[in-house]
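S.K.: I am attaching a structure below and will ask some questions about it afterwards.
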Amino acid sequence: MTDPIDLICIIDDDPIYAFAVQKLFKMNNFSNNCVIFKNGQEALEGLSNLFNEQDTLPDLILLDINMPIMDGWQFLEAYKSTSLYNKIPIFITSSSVDTLDVNKAETNSLVKGYVNKPLNLDSLTLIKSKCL
Amino acid sequence: MLSDSNHPILSDEIHDKDFLSTIENSLAIGSWELDVITNTLKWSSFTKKIHEVTKDYIPDVEHAINFYKEGIHREKITKLFNDALENEKKFDDEFIIVTAKGNEKWIRTIGHPRCVNGKCTAVRGVFLDITAKTIENKKTILKEKQFRSLFNYSLTGMALLSLEGNWLKVNHGICKILGYTEKEFLESNFIKQTHLEDKDLGIEELNLMLSGTLDNHQIEKRYIHKNGSSIHCVLSLTIVRDTNGDPKHFIANINDVSEIKKGQNKITDLLKVTSKQNDRLINFAHIVSHNLRSHGGNLEMLLKLKKEEYPESIADEYFPLIEKAVGNLNETIQNLNDVALYHSLDNNKLESLNLLHYTTNALSNIKGITLANNAEIKIIIDQETTVKAIPAYLDSIIINFLTNAVKYKRLDVDPKITLEAVKKQKHVTLTIRDNGQGIDLNKHGDKLFGMYNVFHKHKDSRGLGLFIAKNQIEAIGGKVNVESIVGEGTKFIIQFNHD
């Protein structure tokens, strides 16, 4: 695989997934660092802080759909009106194979792609190719 | 009219012949006279007109009798006439005659014998054409009879009601519906048999009918059976007015609809149950798709990572078993997903897809197995043919049937598969024909499209393919049928909608 991505933002309420996906990234030299938010609300606040403090922004957001407090769709809606709009490529990562979810993601202009969980080498390659 | 034989209106003393003939014509009445002594019969001109004979016709008794229609009419007049001659009896009756021109007419004949010294010397009488009136009467009588039998024998409840709601006449049907005898009805009032809660139903219409602005109306209401139970009925009420337009009474038509009502309630209940179950199924599908799948996915990922990070863990005899179990779990979850995720799709969510394009695409997707099996595939699909579907479903449907056709080939025969689309007015039929093993439809027909049904030994058979394909076809508004002969092949006929 090519050079690792510097910073990936994972928005997901499932700690097991978050743990595993970080391992996967490291083992495949996909990225060095991850920032993890447990729901849309936390992510929105966290990312805004990074932006305001002119900290390094993530190069990629992997967004889950089903989350408490603020789910993936609501996050996208709120994200639209922040100054972060269009700054970071967003991928939806979900275990849902429901065509309604897939179609909804594909028709959302903010979303670069829909990736089914669990992630594997193929999905990582796909993400990278769409990101660059 | 001719009440007294001693003062006949017709006599030789009447000289004003013109006056008489005017009267004859305006009353459609003719006269006749038989002189018994000379045995001469005279007919007035109007009598001749009724018989449709010429003015110079000279009647005689024998011929006159023969104008009466053969059978009861002729027998009756003969008897009455003889009675008049022999017993001085007057007669007045209605008969059918057959005129000189062969027309049948209803006539009324009145005859009065005239006697001198106890001996009949003449019989005189009048002759009326009552055809029009009689036919009308007979029609009315028939109508009345028809109506009466309808009223009496109808299973529908029928009744005549006074303007105050008293039962005036009831039929057998209503007695049966409400359990009262005719006598009990006639001593009762409409309101007594009406369900308390429905007493005010239709009052407004009733008043409109009484005031003359409405002729009839229909309403659903409950009545009380003699045994106290309530009966759902449809009442049709019509008001009958006299020639002045004053209301006289009501005709009620009452139909017992309680069985239909019960059926309707049952259907409504069933619908409620079904839609609740459907809601649960949607929840179930959601849990499978989102939760179960992510847990299974996590397990799979963790195992993979552990295997990579700690290769020695494979040596643990439990590890491969856990790996297999997780694999199975995920496959089952995948199946559950496939099965649970069919939304009935709105027609406007469907796209018009090029069938040939999707078919060739599907073919290239399964190139591996078609090549490996040396399958010969023929496609007869017009370039322009489109079907209403969603892309993922159409892909999956075609791939499903194609792989089946290859998978279930005969061991000694290379698969030959033909896909042919025929466009009809509203549908496109796609026929997929193979020369494979075929399937005993008598034995398996009802299970062919069922879940987890496998009919042939094959390493990749999950028993879900056809189930899913059928569901996908139905979700996009299509249909699928199958014909098969064991040892010869199978034909699937898929009907799609198009624009």
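As you go down the protein sequences, you meet chains A and B in turn. To convert, note that position 90 of the first sequence is 89 in numbering that gives the first Met the number 0; the numbers rise steadily by one, no gaps. To convert, note that position 395 of the second sequence is 394 in numbering that gives the first Met the number 0; the numbers rise steadily by one, no gaps. Just so you know, even glycine gets a beta-carbon here, dropped at the ideal spot from N, CA and C.
#1: Can you give me, in chain order, the residues of the region 16-44 of chain A that have a beta carbon less than 7 Å from any beta carbon in chain B?
#2: In or out: residue 3/B buried (at least 16 other Cβ within 10 Å) or exposed?
#3: What in chain A is Cβ-close to residue 391/B, meaning under 7 Å?
#4: Name the two residues that bound the continuous beta strand (DSSP E) containing residue 96/A.
#5: Between which residues of its own chain and residue 36/A is the CB-CB distance below 6 Å, once the five residues before and five after are set aside?
#6: Between 334/B, 335/B and 299/B, which has its C-alpha nearest residue 320/B's C-alpha?
#7: Per DSSP, which residues does residue 115/A bridge with? Please list them.
#8: Name the residue from 124/A, 96/A, 99/A and 74/A whose alpha carbon lies nearest to the alpha carbon of residue 109/A.
#9: Tell me the rounded alpha-carbon separation between residue 395/B and residue 201/B.
#10: Strictly below 9 Å CB to CB, what residues from chain B border residue 116/A?
#11: Give me the DSSP bridge partner(s) of residue 193/B.
#12: Taking the alpha helix (DSSP H) that residue 361/B falls in, what are its first and last residues?
#13: Verify whether the separation of the beta carbon atoms of residue 12/A and residue 63/A is less than 8 Å.
#14: Give the secondary structure of residue 426/B by DSSP, where H, G and I count as helix, E and B as strand, and everything else as coil.
#15: Mind listing the chain B neighbours of residue 13/A? Cutoff is C-beta to C-beta under 8 Å, in chain order.
#16: For the alpha helix (DSSP H) containing residue 259/B, list its first residue and its last residue.
#17: Take residue 86/B as the anchor and find which of 114/B, 253/B, 422/B and 367/B has the nearest alpha-carbon.
#18: So that I know if they touch, is there some Cβ in chain B lying closer than 8 Å to that of residue 65/A?
#19: Hey, is residue 122/A's beta-carbon within less than 8 Å of any beta-carbon in chain B?
#20: Would you say residue 20/B touches the ligand ADP, meaning its beta carbon is less than 7 Å from a heavy atom?
#21: DSSP three-state call for residue 447/B: helix, strand or coil?
#22: Identify which residue in 236/B, 402/B and 288/B has its Cα closest to the Cα of residue 93/A.
#23: I'd like the span of the alpha helix (DSSP H) that includes residue 65/B, first residue to last.
#24: Whose C-beta lies closer than 7 Å to the C-beta of residue 424/B among residues of the same chain, with five residues either side of it excluded?
#25: Between which two residues does the beta strand (DSSP E) harbouring residue 240/B extend?
#26: Between which two residues does the alpha helix (DSSP H) containing residue 127/A stretch?
#27: So, with DSSP's three-state summary, where would you put residue 337/B?
#28: Between the C-alpha atoms of residue 107/A and residue 25/A, what's the straight-line distance to the nearest angstrom?
#29: Please state the DSSP three-state secondary structure of residue 82/B.
#30: Span of the alpha helix (DSSP H) holding residue 77/A?
#31: Are three or more beta carbon pairs between the region 473-490 of chain B and the region 360-370 of chain B nearer than 8 Å?
#32: Buried or exposed for residue 443/B, going by 16 or more other Cβ atoms inside 10 Å?
#33: Taking DSSP as the reference, what is the three-state secondary structure of residue 29/A?
#34: Quick check on this structure: which residue in 263/B, 311/B and 160/B has the alpha carbon closest to the alpha carbon of residue 236/B?
#35: Hey, is residue 95/A's beta-carbon within less than 8 Å of any beta-carbon in chain B?
#36: What distance in whole Å lies between the Cβ atoms of residue 403/B and residue 464/B, which are believed to be in contact at a cut-off of 8 Å?
M.R.: From the atom records:
#1: 16, 19, 22, 23 and 26
#2: Only weak support is given to the placement of residue 3/B: the predicted model assigns it a pLDDT of 43, under 50, and the question is left unresolved by the model.
#3: 98
#4: Counting along the chain, residue 96/A falls outside any beta strand (DSSP E), and DSSP gives it neither H nor E.
#5: 10, 42 and 45
#6: 299/B
#7: 93/A
#8: 74/A
#9: 59 Å
#10: 292, 293, 296, 297 and 300
#11: 222/B
#12: 354-364
#13: yes
#14: strand
#15: 293 and 297
#16: 257-285
#17: 114/B
#18: yes
#19: no
#20: Only the bare structure without any ligand can be found here, which leaves the ligand ADP out of the picture.
#21: coil
#22: 288/B
#23: 60-65
#24: none
#25: 229-240
#26: 120-130
#27: helix
#28: 30 Å
#29: helix
#30: 71-79
#31: no
#32: exposed
#33: coil
#34: 160/B
#35: yes
#36: 6 Å
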